[in-house]
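Under my numbering, think of the first position of the sequence shown as 39, with each following residue one higher.
Even for Gly, the Cβ is constructed at its ideal location relative to N, Cα and C.
Working notes for the structure below.
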Amino acid sequence: MNQLKIGLVCIGVGLSIAGVRELMLSANASSMPQTISCRQLAERGYDENAHVVLTDAVCVTAWMVYKGKGVKGPWEHVYFPVIAEDDPWVEEAMAADQAGQKVRTTPQNIRVLLKFKNVKNENELDSRLTVQYRKHGGIHGTIINDIDSLDAREKTLLRQGYRDLDVDNVWILEVDRAPSATKALALTGGGVAGVVLGGLWILWPYLRPRQTVPTIESVQAELSPHNPDAHNDFAWPGRNAEPRAQRERDEAQLAQFRRGEEQIIR
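Structure, rendered in structure tokens:
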């Protein structure tokens with residue numbers, strides 16, 4: 039039972055944190071995305087609206103960093119860079135592809151990373167990218183730098199694949215994520231409710247009114263001679279411990295004896 043109480047509090051805390059993060063994201067993003075080119079985002083940032091449709095971008099998937107169950111997936115999330123389509127590296131990569139060769143260099147000045155969540159495998163990743171361009175004419179999502187960042191392991195792996203990548207100064211675009219104030223409020227409200235209910239459940243044994251257990255002194259006071267209706271069958275030190283019935287029989291015998299004595303005297 040205690041585990042259930044603590045679990046309820048933990049769930050509430052988690053929902054509250056998620057709600058606060060969503061509120062922070064909504065504060066810098068509009069419900070309608072702005073269209074921005076990859077080069078504009080890389081050079082000037084997103085201005086006041088983190089909700090974007092990124093255009094003129096080329097995905098660089100030769101080296102991806104994922105968190106999940108091995109190379110074949112499924113992946114909890116995956117990161118890889120995008121660069122502007124007019125970047126010199128794009129021409130170099132196309133020339134190598136046409137010659138049937140692998141490009142031996144990596145892009146320089148990478149400033150934008152894509153983040154996909156809940157991807158089964160690389161085929162699904164390609165399919166989702168295709169859907170993005172067909173549906174939005176670019177890559178739709180939200181810049182999440184204000185609420186999320188790369189961890190130390192992810193930074194190390196990205197540096198191994200892209201030596202010129204400044205992992206501390208990149209924009210992270212979570213694909214298909216749209217800010218929602220309603221979702222933020224629902225998460226926050228549910229989290230607060232979980233914490234409050236779980237906390238009250240834990241503290242209830244200490245908060246509820248306690249029944250007073252009578253002490254021997256209070257019992258004695260109730261059975262004192264000043265209370266003629268008290269239960270006289272109860273005994274305590276220094277008091278007559280005889281039951282009332284026995285005393286009544288003794289008193290009756292004494293009265294009878296005295297009547298007999300009076301008759302003899304007469």
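Alpha carbon to alpha carbon, how far is residue j from residue i? Give it in angstroms, no decimals.
i	j	result
D202	T143	11 Å
C76	I44	46 Å
N156	V91	20 Å
L79	I181	10 Å
V213	Q146	23 Å
N183	C97	20 Å
L152	A67	18 Å
A268	I49	For A268, the predicted structure reports a pLDDT of 47, less than 50, and the residue's modelled location is therefore unreliable. The matter cannot be settled from this model.
P112	L163	11 Å
Y200	N87	28 Å
S165	G175	15 Å
K140	A134	6 Å
A95	I121	6 Å
S187	Y117	11 Å
E114	L196	17 Å
A216	L167	16 Å
S69	I185	18 Å
P119	F154	11 Å
A65	Q136	46 Å
I74	E81	11 Å
Q72	I177	11 Å
D204	H89	23 Å
R191	N159	21 Å
Q198	W101	9 Å
Taking the beta strand (DSSP E) that residue i belongs to, which residues open and close that run?
i	result
I152	Note that residue 152 is Leu in the sequence shown here, rather than Ile. Segment V150 to V157, the beta strand (DSSP E) holding L152.
V103	V103 to G106
Would you mind sorting residue i into buried or exposed? The rule is 16 or more other CB atoms within 10 Å of its CB.
i	result
M132	exposed
T93	buried
Y84	buried
Q170	buried
W274	Per-residue confidence for W274 stands at a pLDDT of 47, beneath the threshold of 50, marking its modelled position as unreliable; no derived number is given.
R149	buried
V103	buried
G179	buried
D124	exposed
V208	buried
P126	exposed
D271	The predicted model places D271 with a pLDDT of 48, which falls under 50 and marks its position as unreliable, so this point remains unresolved.
Q291	exposed
D288	exposed
Give the DSSP bridge partners of residue i, in chain order.
i	result
C97	V120
Q72	V90
I185	In the DSSP output, where bridge partners are listed per residue, I185 has none listed.
V213	G179
W113	G106 and V157
Can you give me the start and stop residues for the alpha helix (DSSP H) that residue i sits inside?
i	result
K193	A190 to G199
A133	P126 to Q136
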